[in-house]
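A.B. asks:
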Amino acid sequence: MENHNSEGTLFIVATPVGNLEDITFRAVRTLKEVDLIAAEDTRHSKKLLLHYDIETKLISCHEHNEADKTPGIINHLKNGLNIALISDAGTPTISDPGYKLVTSAAKEGITVIPIPGCNAAIAGLSVAGLPTDSFLFLGFLPKKKQKLQPTL
C-alpha cells in the first residue's frame, strides 16, 4: 500500500452483512495491505479474514473501548501506519462503532478513505416494492414503545 506522506491513512472498510462473498475485491486487497485492522469484534472478524487468507494483525475497537483505543490508533496513524476499521457487518460508523475514531482522525488532518460495500438498508429497499427515489434511514429504532412512538 503506497503512502506518499509521512502519516498513515485510515480506511473505513465495509464488510459483508451475511454472506462472506458479499465483499469487494478492493476491500479484500485493502485488508491484506494495511498494517493493522481495528475490528468491532476480533473473534467475528477472524472468520472473514481466514476465509480470504488475510493475515493482517487485528486489534479490537468497539463501542465499549473506542474512546480508550482512539488515541493509540491515531498515534499509529501519525507514525505512518495504514489502518483499516471494520465492523462485524456493514460499514463502520453506520449504526456501528467508529465515529469517535473518524472524528479524531479528521481533527488531526489524517486522511480517511471509505472502501464501500454491501449495504443492508439499500439491499432491502431494492426488493421491498417501495419507491426508491426518496427514503429515510434512522439506524436502530428505540426498543421502548414510549421512545419509539415519537420517532415514528
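Residue 68 in my numbering sits at position 87 of the sequence shown; the count goes up by one each step and never skips. Cβ coordinates follow ideal geometry from the N, Cα and C atoms, glycine included.
1. Check whether the region 8 to 26 and the region 106 to 116 are in contact - that is, three or more C-beta pairs closer than 8 Å.
2. Starting from the C-beta of Ile96, find all residues in its chain whose C-beta is less than 8 Å away, skip the five residues before and the five after it, and write them out in chain order.
3. For chain C, find out if any of its Cβ atoms is closer than 8 Å to the Cβ of Leu39; answer yes or no.
4. Going by DSSP, what residues sit across from Thr92 in a beta bridge?
5. Decide if Glu47 is buried, meaning its Cβ has at least 16 other Cβ atoms within 10 Å, or exposed.
6. Candidates Gly98, Asp3 and His43: which alpha carbon is nearest Asp22's?
7. Helix, strand or coil: how does DSSP classify Thr5 here?
8. Does the region 96 to 106 come close enough to the region 67 to 79 to have 3 or more Cβ pairs within less than 8 Å?
C.D. replies: Reading it off the structure:
1. Segments in contact, no.
2. Phe(-8), Ile(-7), Val(-6), Ala(-5), Thr5, Arg7, Ala8, Thr11 and Ala65
3. No chain C appears in this structure, which consists of one protein chain only.
4. Thr(-10)
5. buried
6. Comparing Cα positions, the closest option is His43.
7. coil
8. Contact holds between the region 96 to 106 and the region 67 to 79, because three or more Cβ pairs, one in each stretch, are under 8 Å apart.
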